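Worksheet: the structure to be examined is printed underneath.
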Amino acid sequence: MTLLSVRDLNVTFDVPRKGAMPWTAPDRLRAVKDMSFDLAAGETLGVVGESGSGKSTLARAIVGTIPATSGVVSWEGTDLTALSPGERRRHRADVQMVFQDPLAALNPRMTVGDIIAEPLRTHRDVSRTDARNAAQAMMERVGLLPNLVNRFPHEFSGGQCQRIGIARALILEPRLLICDEPVSALDVSVQAQVVNLLRRLSREMGLAMIFIAHDLSVVRHVSDRIMVMYLGRQMEVGPARAVVGDPLHPYTQALVASVPVPDPTARRRDRQAVRGELPSPLTPPSGCVFHTRCPRARPDCADAVPPALRPQPERIVACPYHGPAEATAAE
Amino acid sequence: MSIRQATKAFLSPAANPFPDGVTVPVKGRSLWMDARTRFLRNKAATGSLLVLVLLAAFAFLGDTISPWDNETIDWGMLGQVHVVGGPSLETGHWFGVDETGRDLFARTAQGTRISLAVGFVGAAVAVVIGTIYGAVSGYVGGRVDDVMMRIVDVLIAVPYMFVLILMMVVFERSVIMLFVGVGLISWLDMARIVRGQTLSLKNREFVEAAIATGVRSPMIIARHIVPNLLGIVVVYATLLVPQMILFESFVSFLGLGVQEPLTSLGALIAQGAGQMRNDVPWMLGFPLAAFVALLFALFFVGDGLRDALDPKDR
Numbered sequence: 170m171t172l173l174s175v176r177d178l179n180v181t182f183d184v185p186r187k188g189a190m191p192w193t194a195p196d197r198l199r200a201v202k203d204m205s206f207d208l209a210a211g212e213t214l215g216v217v218g219e220s221g222s223g224k225s226t227l228a229r230a231i232v233g234t235i236p237a238t239s240g241v242v243s244w245e246g247t248d249l250t251a252l253s254p255g256e257r258r259r260h261r262a263d264v265q266m267v268f269q270d271p272l273a274a275l276n277p278r279m280t281v282g283d284i285i286a287e288p289l290r291t292h293r294d295v296s297r298t299d300a301r302n303a304a305q306a307m308m309e310r311v312g313l314l315p316n317l318v319n320r321f322p323h324e325f326s327g328g329q330c331q332r333i334g335i336a337r338a339l340i341l342e343p344r345l346l347i348c349d350e351p352v353s354a355l356d357v358s359v360q361a362q363v364v365n366l367l368r369r370l371s372r373e374m375g376l377a378m379i380f381i382a383h384d385l386s387v388v389r390h391v392s393d394r395i396m397v398m399y400l401g402r403q404m405e406v407g408p409a410r411a412v413v414g415d416p417l418h419p420y421t422q423a424l425v426a427s428v429p430v431p432d433p434t435a436r437r438r439d440r441q442a443v444r445g446e447l448p449s450p451l452t453p454p455s456g457c458v459f460h461t462r463c464p465r466a467r468p469d470c471a472d473a474v475p476p477a478l479r480p481q482p483e484r485i486v487a488c489p490y491h492g493p494a495e496a497t498a499a500e
Numbered sequence: 112m113s114i115r116q117a118t119k120a121f122l123s124p125a126a127n128p129f130p131d132g133v134t135v136p137v138k139g140r141s142l143w144m145d146a147r148t149r150f151l152r153n154k155a156a157t158g159s160l161l162v163l164v165l166l167a168a169f170a171f172l173g174d175t176i177s178p179w180d181n182e183t184i185d186w187g188m189l190g191q192v193h194v195v196g197g198p199s200l201e202t203g204h205w206f207g208v209d210e211t212g213r214d215l216f217a218r219t220a221q222g223t224r225i226s227l228a229v230g231f232v233g234a235a236v237a238v239v240i241g242t243i244y245g246a247v248s249g250y251v252g253g254r255v256d257d258v259m260m261r262i263v264d265v266l267i268a269v270p271y272m273f274v275l276i277l278m279m280v281v282f283e284r285s286v287i288m289l290f291v292g293v294g295l296i297s298w299l300d301m302a303r304i305v306r307g308q309t310l311s312l313k314n315r316e317f318v319e320a321a322i323a324t325g326v327r328s329p330m331i332i333a334r335h336i337v338p339n340l341l342g343i344v345v346v347y348a349t350l351l352v353p354q355m356i357l358f359e360s361f362v363s364f365l366g367l368g369v370q371e372p373l374t375s376l377g378a379l380i381a382q383g384a385g386q387m388r389n390d391v392p393w394m395l396g397f398p399l400a401a402f403v404a405l406l407f408a409l410f411f412v413g414d415g416l417r418d419a420l421d422p423k424d425r
C-alpha cells in the first residue's frame with residue numbers, strides 16, 4: 170500500500186542577482202529537480218548524498234515548510250501541495266519531523282514537557298494534565314526519565330535532546346516520520362543509541378520513515394530502500410542491501426568507496442573517492458549533472474539528461490553507462 | 112559482564128532503563144532563573160536596583176512623612192528665601208524651599224513620581240505595542256512587513272518634539288497629554304529592534320518544528336517568538352525609561368510639561384537653574400541629585416540586565 174507518492178517534484182529558490190535592480194528576474198536555484206518516488210506504509214527510505222545535494226529541501230517540501238514549485242506530493246491519494254493552508258495543517262499530524270541540530274530544534278524557553286506535549290495540544294483537544302501525562306509516557310518510551318518534564322532543553326545532552334525531539338515527533342502517533350540527519354550532530358556512540366531507538370520505535374508503531382543522512386553505513390543500517398541524490402537529482406534507487414553491496418551508478422560507487430573504515434591499523438584502501446567539489450546548483454552542468462566528476466564520463470554525457478533505467482526490478486539508475494564497481498576500478 | 116554484553120546494553124537501552132520509584136518531577140532551571148543569579152552577582156546592578164527602590168520609596172512615600180505638602184506656601188519665608196529658606200531640620204523644610212516658599216522635599220518627591228511615571232508609561236507602551244507590532248511584522252514578512260516598517264519609518268521621520276509642542280498647545284496641557292506624547296514615540300525603536308530579532312528567530316529550527324507540527328501563526332508568535340525576544344525587550348525597556356525621563360524633563364524644561372502646582376524633575380531643575388545667581392544652591396542641587404541618581408541607577412540596572420540575559424554578548 171502506497172502511503173506517500175512523490176511525482177516530478179521540483180523545488181526552486183529565487184536568488185537575487187548581485188547588484189541587480191529590483192525588477193530584474195532573479196536567478197533560479199533548482200534545489201530539487203524532477204524527483205519521483207513512492208513510500209509504502211511501514212517502509213524506511215534512506216536518502217543519501219553530499220551536503221548541498223537537496224536532501225533537506227526534499228524533506229521540507231514533503232513536510233510543507235518549503236513550498237513545492239511544481240509536482241505532486243500525494244498522501245494516500247490526496248495531493249498535499251493543492252490543499253489550502255488550513256487543510257494542510259490538519260494533515261500535519263500524520264507527518265512529523267526530527268531535526269538535525271537537536272538543541273536548536275527545541276525552544277529554550279519551554280520546559281521539556283511542554284515541548285513534547287505541544288503537537289498534542291495543537292491537534293487534539295486534551296487537558297493540560299492529560300497532555301502532561303502523555304508527554305511523560307512518551308519520555309519513558311524514548312528512554313528519558315519522566316520526572317525530568319520540568320527541565321529545560323539546555324539541561325540535557327545532545328543525545329537526550331534528540332530523544333526529546335523524537336518524543337515530540339511521535340506523540341501524535343504519526344504514520345510517517347521524516348528524520349533530517351538526526352544523528353550527524355551526535356557522537357558515534359550516541360548515534361548508535363538514537364538510530365536503534367528510531368528503528369525500535371518505527372517497528373513498534375508501524376511507522377514509515379524517510380531517513381536522511383550523508384553517512385552510508387548509518388543509512389544502510391536503518392533503511393529498507395536507499396535513494397542516492399546528487400545536486401537535487403535522483404541518481405540511484407534500490408533495496409538498501411543491493412545499493413550498498415552492489416552499487417551501479419558511478420556516484421553511488423564513489424560514495425560507498427568513501428565510507429571510512431573504523432580501523433586505524435588497516436592500510437588505506439585505494440579509494441575511488443570523487444574528485445573536486447559539488448558544482449554550484451545555480452549553474453548545474455549540462456546533461457548528466459555528475460559528468461564533471463564522474464570517472465566514467467564520456468563525451469555524450471554532457472549532452473543529454475540520462476534516462477532513469479531499470480536494470481533490475483525495484484532499482485532505478487540514472488546512468489546509461491552504469492555497471493558493477495570493478496569495471497570502474499579497472500578503467 | 113562481557114564486553115559484548117556491555118556494548119549491547121549500552122547501544123540498545125531497554126524501554127525503561129531506570130530504577131522504579133524515581134517519579135517525583137525534578138524542578139528545572141529556566142533561563143530566567145540563571146539570569147537572575149547572574150544579575151544578583153553583578154554588584155553595580157544590584158546596588159543600583161536598591162537605589163532605585165529607595166528613590167521609588169522616596170517618590171511615593173515622601174509626601175506622607177513630610178510636614179509640608181507640595182503646594183502650600185510658607186509665608187514666613189517669602190522675600191527672604193535665600194537667607195532662611197535653606198535645608199534645615201527645624202523648619203521642616205528638609206530640602207529647603209523654592210523661590211515662592213514651597214517645600215522642596217515634597218516637590219522633589221512629587222516630581223520624581225511624575226518622572227518615574229512618565230518613564231514607566233513610555234516603557235510599558237513600548238513593550239506592549241512595540242513587541243507585538245515588531246513580532247507580527249517580522250514573522251509575517253513580505254508585503255505586510257514592508258508596509259508596517261515603512262509606517263514606522265514615516266513616524267520616526269516626523270519631528271516628534273514639534274508635534275508634541277503642537278499637541279500641548281492645541282489640547283490642554285496635562286499629564287495625560289504628556290503620557291500620550293511619550294507613548295506615541297516610545298514604541299517605534301522597540302518595534303524595529305523586535306522585528307530584527309524576530310527575523311533571525313523565525314529561521315531557527317524550533318520555529319520550523321512548530322510550523323511543521325501545524326501550530327498556527329498567532330500561537331507561534333505568542334509561544335515561540337515572543338518569549339525568546341523578552342530578554343532583549345526587557346533590556347531595551349530599562350534603557351528606554353531614562354530616555355523617556357530625559358524627554359519629559361526637556362519638555363518640562365521648556366515649560367510645556369506638567370502644570371503648576373504639579374511639577375516634575377525637569378521643571379524643578381529649570382527653576383533651580385534660574386535661581387543660581389541668588390545664592391540658593393539647594394534649589395538646583397536636590398532635584399538634580401535625584402535626577403542623576405535615578406538615571407544612573409536605571410542605566411546600571413539596564414546594563415546588568417543585558418549582561419545577565421545575554422551572557423554571550425559581553
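In order, the protein sequence lines correspond to chains H and W. The numbering of the first sequence is my numbering, which starts it at 170 and goes up by one. The numbering of the second sequence is my numbering, which starts it at 112 and goes up by one. Ideal Cβ placement from N, Cα and C applies to all residues, glycine included. It should be emphasised that the depicted structure is a prediction, and the values quoted were computed from it without experimental measurement.
| H/I347: first and last residue of the uninterrupted alpha helix (DSSP H) it sits in | Start at 1 with the first residue of the first sequence, and residue 347 of chain H comes out as number 178. Not the alpha helix (DSSP H): H/I347 falls in the beta strand (DSSP E), residues L345 to D349.
| field | Rounded straight-line distance, which links the Cα of W/D145 to that of W/P392 | value | The residue you call residue 392 of chain W lines up with position 281 of the second sequence. The residue you call residue 145 of chain W lines up with position 34 of the second sequence. Distance between the alpha carbons of W/P392 and W/D145: 46 Å.
| task | Compute the Euclidean distance between the alpha carbons of H/L314 and H/I284, then round it to the nearest angstrom. | result | To locate residue 314 of chain H, count along the first sequence from 1; it is residue 145. To locate residue 284 of chain H, count along the first sequence from 1; it is residue 115. Note on geometry: alpha-carbon atoms of H/L314 and H/I284 lie some 15 Å from one another.
| request: Take H/E245 and list the residues in its own chain whose beta-carbon comes closer than 6 Å to its own, dropping the five residues that flank it on each side. | output: For the purposes of this step, residue 245 of chain H is identified with residue 76 of the first sequence, where counting begins at 1. By the criterion of a C-beta distance shorter than 6 Å, H/E245 is surrounded by no residue of its chain, once the five residues flanking it on both sides are discounted.
| said: Going by DSSP in three states, W/L266 sits in which element: helix, strand or coil? | reply: For the purposes of this step, residue 266 of chain W is taken as residue 155 along the second sequence, with counting starting at 1. If DSSP states are grouped into helix, strand and coil, W/L266 belongs with the helices.
| said: Please tell me whether H/L172 has its Cβ less than 8 Å away from any Cβ of chain W. | reply: As a first step, residue 172 of chain H is located in the first sequence; it is residue number 3 there, counting from the start. So no, H/L172 is outside the interface.
| query | When you compare only the Cα positions, how much space is there between W/G253 and W/M260? | reply | On the second sequence, position 142 is the one that residue 253 of chain W refers to. On the second sequence, position 149 is the one that residue 260 of chain W refers to. A straight-line Cα-Cα distance of about 11 Å links W/G253 and W/M260.
| query | Where does W/R306 land, buried or exposed, given buried means 16+ other C-beta within 10 angstroms? | reply | The residue labelled residue 306 of chain W in the question sits at position 195 within the second sequence. Residue environment analysis places W/R306 among the buried positions, since at least 16 neighbouring C-beta atoms fall within 10 angstroms of its C-beta.
| query | If we cut at 8 Å on Cβ distances, does H/H292 have a partner in chain W? | reply | Within the first sequence, the letter at position 123 stands for residue 292 of chain H. A Cβ of chain W is located within less than 8 Å of the beta carbon of H/H292.
| said: Count Cβ pairs between the stretch 176 to 191 of chain H and the stretch 378 to 386 of chain H that sit closer than 8 Å; are there 3 or more? | reply: Short answer: they don't touch.
| field | Straight-line gap, H/T461 to H/V217 (C-alpha atoms, nearest Å) | value | Indexing the first sequence from 1 puts residue 461 of chain H at position 292. Indexing the first sequence from 1 puts residue 217 of chain H at position 48. Annotation: H/T461 to H/V217 spans about 20 Å, alpha carbon to alpha carbon.
| Apart from the five residues just before and just after H/C488, which ones in its own chain have a Cβ nearer than 6 Å to its Cβ? | Reading the first sequence from its first residue, position 319 is the one you call residue 488 of chain H. Once the five neighbours on either side are set aside, the close Cβ partners of H/C488 are H418 and P475.
| task | Using a Cβ-Cβ cut-off of 8 Å, state whether H/L275 counts as contacting chain W. | result | The count along the first sequence starts at 1 and reaches residue 275 of chain H at position 106. Between H/L275 and chain W, the shortest Cβ-Cβ separation is below 8 Å.
| said: Between the stretch 209 to 217 of chain W and the stretch 256 to 276 of chain W, can you find at least three pairs of beta-carbon atoms closer than 8 Å? | reply: Flag = no, the stretch 256 to 276 of chain W and the stretch 209 to 217 of chain W do not touch.
| When Cβ atoms are compared, which residues of the stretch 315 to 332 of chain H fall closer than 8 Å to chain A? | No chain A is part of this structure, whose protein chains are labelled H and W.
| request: Give a yes or no on whether the C-beta atoms belonging to H/V458 and H/Y399 are separated by under 8 Å. | output: Sequence index remark: in the first sequence, residue 458 of chain H carries index 289 (1-based). Sequence index remark: in the first sequence, residue 399 of chain H carries index 230 (1-based). Yes, the pair counts as a contact, with Cβ atoms nearer than the cut-off.
| query | Should W/V326 be flagged as near chain H, meaning a C-beta pair shorter than 8 Å? | reply | Taking the first residue of the second sequence as 1, we reach residue 326 of chain W at position 215. Taking Cβ atoms only, chain H reaches closer than 8 Å to W/V326, which makes this a yes.
| request: Would you decide whether W/W205 is buried or exposed? Buried here means 16 or more other CB atoms lie within 10 Å of its CB. | output: As a first step, residue 205 of chain W is located in the second sequence; it is residue number 94 there, counting from the start. It is buried - the Cβ of W/W205 has at least 16 other Cβ atoms within 10 Å.
| message | Could you tell me the alpha carbon to alpha carbon distance between W/L405 and W/R284, rounded to whole angstroms? | response | Position 294 of the second sequence, counted from the start, is the residue given in the question as residue 405 of chain W. Position 173 of the second sequence, counted from the start, is the residue given in the question as residue 284 of chain W. Answer to the nearest angstrom: the Cα atoms are 25 Å apart.
| query | Which of the three DSSP states, helix, strand or coil, is assigned to W/W393? | reply | Mapped onto the second sequence, residue 393 of chain W falls at position 282. Three-state result, W/W393: helix.
| field | chain W contact residues for H/D112, given Cβ-Cβ distances below 9 Å | value | Any property of residue 112 of chain H remains undetermined from this structure, which presents chain H solely from 170 to 500.
| message | DSSP has H/Q403 in a bridge; who is on the other side? | response | Start at 1 with the first residue of the first sequence, and residue 403 of chain H comes out as number 234. Its beta-bridge partners are H/M398.
| Is H/V267 buried or exposed, if buried means 16 or more other CB atoms sit within 10 Å of its CB? | On the first sequence, position 98 is the one that residue 267 of chain H refers to. The C-beta of H/V267 has 16 or more other C-beta atoms within 10 Å across all chains shown, which makes the residue buried.
| When burial is assigned at 16 or more other CB atoms within 10 Å of the CB, is W/Q191 buried or exposed? | Within the second sequence, the letter at position 80 stands for residue 191 of chain W. Flag for W/Q191 reads exposed.
| Counting only beta-carbon atoms, is W/R140 nearer than 8 Å to chain H? | The residue given as residue 140 of chain W occupies position 29 in the second sequence. Taking CB atoms only, W/R140 has a neighbour in chain H less than 8 Å away.
| How would you list, in chain order, the residues of chain W whose beta-carbon sits under 8 Å from the beta-carbon of H/V513? | No answer is possible for residue 513 of chain H: the residues shown for chain H start at 170 and end at 500.
| According to DSSP, residues forming a beta bridge with H/N179 | Here residue 179 of chain H refers to the residue found at position 10 when the first sequence is read from its first residue. DSSP output for H/N179 lists H/S239 as bridge partner(s).
| Do we get a CB-CB distance below 8 Å when we pair W/A419 with the residues of chain H? | Against the second sequence, residue 419 of chain W aligns to sequence position 308. It does not; no Cβ of chain H falls within 8 Å.
| task | Report buried or exposed for H/A471, applying the criterion of at least 16 other Cβ atoms within 10 angstroms of its Cβ. | result | If you number the first sequence from 1, residue 471 of chain H lands on position 302. Under the 10 Å beta carbon count, H/A471 is surrounded by fewer than 16 other beta carbons and is classified as exposed.
| said: Quick check on H/T508: does DSSP put it in helix, strand or coil? | reply: This structure does not reach residue 508 of chain H, given that chain H is present from 170 up to 500, and the question cannot be answered.
| field | Within-8 Å CB hit, W/G132 to chain H | value | Counting from one through the second sequence, the residue named residue 132 of chain W turns up at place 21. With a pLDDT of only 48 at W/G132, under the threshold of 50, the placement of this residue in the model should not be trusted; the figure read from the coordinates follows. Chain H, which has no Cβ nearer than 8 Å to the Cβ of W/G132, makes this no.
| request: Classify H/T247 as helix, strand or coil using the three-state DSSP reduction. | output: Taking the first sequence and counting its residues from 1, the one referred to as residue 247 of chain H is at position 78. In this structure, DSSP gives H/T247 an extended state, which the three-state scheme calls strand.
| field | C-beta neighbour in chain W for H/W244, strict 8 Å | value | Here residue 244 of chain H corresponds to residue number 75 of the first sequence, with the count starting at 1. No - not a single Cβ of chain W is within 8 Å of the one on H/W244.
| task | Grab me the residues of W/A348's own chain with a C-beta within less than 7 Å of its C-beta, minus the 5 sequence neighbours each way, in chain order. | result | By one-based count along the second sequence, residue 348 of chain W stands at place 237. Residues of the same chain with a CB within less than 7 Å of the CB of W/A348, apart from the 5 flanking positions on each side, are A234, A237 and V238 in chain order.
| H/L424, DSSP secondary structure in three states | For this step, residue 424 of chain H is matched to residue 255 along the first sequence. Of the three classes helix, strand and coil, the one that applies to H/L424 here is helix, per DSSP.
| said: Quick check: W/E359 and W/V263, are their CB atoms within less than 8 Å of each other? | reply: Residue 359 of chain W sits at position 248 when you count from the first residue of the second sequence. Residue 263 of chain W sits at position 152 when you count from the first residue of the second sequence. No.
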